[in-house]
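Q: So that we are looking at the same thing, I have put the structure below in structure tokens.
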Amino acid sequence: MIKVQEQDFNLAAEIAALTRGRTDIGGVVSFIGLVRDVSDGAKVAAMTLEHYPGMTEKQLSAIERDAGARWPLSASLIIHRYGRLLPGEQIMAVVTASAHRQAAFEAAEFLVDWLKTKAPFWKLESDGGAESWVAARDSDDEAAGRWEKG
Amino acid sequence: MIKVQEQDFNLAAEIAALTRGRTDIGGVVSFIGLVRDVSDGAKVAAMTLEHYPGMTEKQLSAIERDAGARWPLSASLIIHRYGRLLPGEQIMAVVTASAHRQAAFEAAEFLVDWLKTKAPFWKLESDGGAESWVAARDSDDEAAGRWEKG
Amino acid sequence: MKLLYFAWVRQRTGIAEEDATPPDSVKTVLDLVEWLRGRGPGYAAAFGDLKALRAAVNQEHAAFDAPIRQEDEVAFFPPVTGGGVAPVDRRPE
Amino acid sequence: MKLLYFAWVRQRTGIAEEDATPPDSVKTVLDLVEWLRGRGPGYAAAFGDLKALRAAVNQEHAAFDAPIRQEDEVAFFPPVTGGGVAPVDRRPE
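Sequences listed follow chains A, B, C and D, in order.
Numbering of the first sequence is given in the working numbering, commencing with residue 1 and proceeding in unit increments.
Numbering of the second sequence is given in the working numbering, commencing with residue 151 and proceeding in unit increments.
Numbering of the third sequence is given in the working numbering, commencing with residue 301 and proceeding in unit increments.
Numbering of the fourth sequence is given in the working numbering, commencing with residue 394 and proceeding in unit increments.
Here's what the structure looks like:
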């Protein structure tokens, strides 16, 4: 399931909805990305996430389908927020449920890595005065690259 | 932080308490273990988790300290329940928070692997009539073994 | 052709989206970039550095040699930075 | 010496814990196991198969050759099965 939204989310409620009535799920792995107050050494007072409506949903769905094809997942969820966010706030979450814990861990890490390099989101950071666009990191491309089939 | 308890827990509330007031945390990884209705092909109607009070807290604290020494964690939490549990219920959770997402993922997987081989818990499964103790799995020992220093 | 601009590409062109009718000689994303560069200083600044630019055709990531047609939706933006801020770090020893 | 039994070890001995005073010749966990075996059929069943048995001394996992003293807390139990039920599986290809 894919959710692209401006409002905050409650992880426990999302997991409960995802696993409700299911008794075949052994492990649920989640990742929450939070806004940090420092980015590459510079203070962050707030950030604004811009995205490409339409393409975002398409890309997140494709990434989720890909994870479901690679690992035996019982259920999965990607939530990504957009708009203005303050340090400490939740930006996004990935949830993967599986009968097998290692599959759930690997699929969650895969989804987080790919979100950072494929999902059409851009971060505008503000230090309280000046604003600047966050540049993509080579290390994120590398992290996503480790999942490419050789 | 370590919690050994009979009652259920709310993951979002636990994560919120762990990260409250913190703005240096980039990623929070969690794992929830749920009761499945099938174990090695046999139906599970309920399970009872027995533990060794005192040793449990000691072992969980030691494992958590070990994870904190290996990875740069901002915070961590292990919750483990005991008593009678039904399929679909939460058994335990591990939460790791870090400025770096890969550290959080690895530490969470490490903690789950070690909990299964070191924490003094024993599962008594009931199929509705007969009860049987769950045997340890070799694959769990192997999973924990991959974290041993060579 | 529907054109969309995001992040600093949008800030430099000064608009988020527009309908455009490039000449028939514009057959690829790169042709379109070169045509857009000639539309004024804001566009020249937005489309000056190909290495900093990414494109999507009909909401799929596309290379600069990807073919485009008049009915396509083409978007330009910087490399994406979604997925939470926690960076990847090196594995501990 | 405080002795604790868990899971099926407890079910076979019929008690969860007891205070015992083994003879001075009992110097290791294994000595204690052998002494306990002689205390009745329940104990013999509980302590019959060393491979299925694990021990802790003062709440730390201990090997069978670990030394023990009269003031120690010694526990016997099967291999642990905590941490949620999701098994490890092989990595996908």
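Positions of the beta carbon are idealized from the N, C-alpha and C atoms, including for glycine.
Kindly indicate if chain C contains any beta-carbon less than 8 Å away from that of E106 of chain A.
A: Chain C, which has no Cβ nearer than 8 Å to the Cβ of E106 of chain A, makes this no.
Q: Note the first and the last residue of the continuous beta strand (DSSP E) segment covering L235 of chain B.
A: Taken as a continuous stretch (DSSP letters only), the beta strand (DSSP E) holding L235 of chain B covers 233 to 235.
Q: Please classify R65 of chain A as buried or exposed, where buried requires at least 16 other C-beta atoms within 10 Å of its C-beta.
A: The residue in question, R65 of chain A, is exposed, as its Cβ has fewer than 16 Cβ neighbours within 10 Å.
Q: Hey, is V134 of chain A's beta-carbon within less than 8 Å of any beta-carbon in chain C?
A: V134 of chain A counts as touching chain C.
Q: Closer than 8 Å by beta-carbon distance: list the chain A residues that pair up with A356 of chain C, in chain order.
A: Simply Y52, M55, P120.
Q: Within a Cβ cutoff of 6 Å, which residues of the same chain sit near A45 of chain A, ignoring the five residues on either side of it in sequence?
A: Contacts found: S126, D127, G128.
Q: Would you identify the three-state DSSP class for K116 of chain A, choosing helix, strand or coil?
A: Residue state, collapsed to three classes: helix.
Q: Nearer than 7 Å: is that true of the beta carbon of M394 of chain D relative to any heavy atom of the ligand SAM?
A: For the structure depicted, the ligand SAM is absent and the ligand set is empty, with no information on it obtainable.
Q: Give the residues of chain C in contact with T117 of chain A, contact being defined as C-beta atoms less than 7 Å apart.
A: The contacting residues are V380.
Q: Grab me the residues of V309 of chain C's own chain with a C-beta within less than 6 Å of its C-beta, minus the 5 sequence neighbours each way, in chain order.
A: Cβ within range, chain order: A346, F376, F377.
Q: Please decide whether K123 of chain A counts as near chain C, where near means a Cβ-Cβ distance under 8 Å.
A: Yes, because at least one Cβ of chain C sits closer than 8 Å to the Cβ of K123 of chain A.
Q: So, for A167 of chain B: in the same chain, excluding its five sequence neighbours on each side, which residues have a beta-carbon less than 8 Å away from its beta-carbon?
A: Excluding positions up to five away in sequence, the list is empty.
Q: Counting only C-beta atoms, is Q359 of chain C closer than 8 Å to chain A at any point?
A: With 8 Å as the cut-off, Q359 of chain C counts as an interface residue toward chain A.
Q: Should A293 of chain B be labelled buried (16 or more other beta-carbon atoms within 10 Å of its own) or exposed?
A: So A293 of chain B ends up on the buried side.
Q: What are the residues of the segment 30 to 50 of chain A that lie near chain B, defined by any Cβ-Cβ distance shorter than 9 Å?
A: Hits within the stretch, in order: S30, F31, I32, G33, L34, V35, R36, D37, V38, V44.
Q: For L423 of chain D, I'd like the list of residues in its chain whose CB is within less than 6 Å of its CB, leaving aside the five on either flank, ordered along the chain.
A: Hits under 6 Å: F457.
Q: Can you check whether the C-beta of W335 of chain C is within less than 8 Å of a C-beta belonging to chain A?
A: So no, W335 of chain C is outside the interface.
Q: At 8 Å on the CB atoms, spell out the chain C contacts of K58 of chain A, in chain order.
A: Chain C residues near K58 of chain A: Q359, E360.
Q: What's the C-alpha gap between I241 of chain B and A67 of chain A?
A: Each residue's alpha carbon lies about 26 Å from the other.
Q: DSSP has Q155 of chain B in a bridge; who is on the other side?
A: Looking at the DSSP assignment, Q155 of chain B forms a beta bridge with B:R231.
Q: Let me know if I15 of chain A comes out buried or exposed under the rule of 16 or more other beta-carbons within 10 Å of its beta-carbon.
A: With 16 or more Cβ atoms within 10 Å of its Cβ, I15 of chain A is classed as buried.
Q: At the 8 Å Cβ level, is H250 of chain B part of the contact set with chain D, yes or no?
A: No, H250 of chain B does not count as interfacial toward chain D.
Q: For L304 of chain C and chain A, any beta-carbon pair shorter than 8 Å?
A: Cβ-Cβ to chain A under 8 Å: yes for L304 of chain C.
Q: Name, please, each residue of chain B whose Cβ falls closer than 8 Å to the Cβ of F470 of chain D.
A: Under the 8 Å cutoff, chain B gives Y202, P270, W272.
Q: Grab me the residues of L397 of chain D's own chain with a C-beta within less than 6 Å of its C-beta, minus the 5 sequence neighbours each way, in chain order.
A: For L397 of chain D, where only same-chain residues beyond five positions count, the Cβ hits under 6 Å are E410, A468.
Q: Applying the criterion that 16 or more other CB atoms from any shown protein chain within 10 Å of the CB defines a buried residue, is G435 of chain D buried or exposed?
A: Counting Cβ neighbours within 10 Å, G435 of chain D comes out exposed, since fewer than 16 surround it.
Q: From the DSSP output, in three-state form, read off M55 of chain A for me.
A: Note: M55 of chain A maps to helix in three-state DSSP.
Q: P460 of chain D by DSSP, collapsed to three states: which one?
A: Strand, per DSSP.
Q: Near A459 of chain D, what residues of its chain come up, given a Cβ to Cβ distance below 6 Å and the 5 sequence neighbours on each side ignored?
A: Closer than 6 Å at Cβ, skipping near neighbours: V422, V450.
Q: Expressed to the nearest angstrom, what Euclidean distance is found between the alpha-carbon atoms of F159 of chain B and R231 of chain B?
A: Taking the straight line joining both Cα atoms gives about 9 Å.
Q: Under three-state DSSP, which class holds D319 of chain C?
A: Strand at D319 of chain C.
Q: Anything in chain A within Cβ reach of R172 of chain B, meaning under 8 Å, just list it in chain order.
A: The answer, in chain order, is G88.
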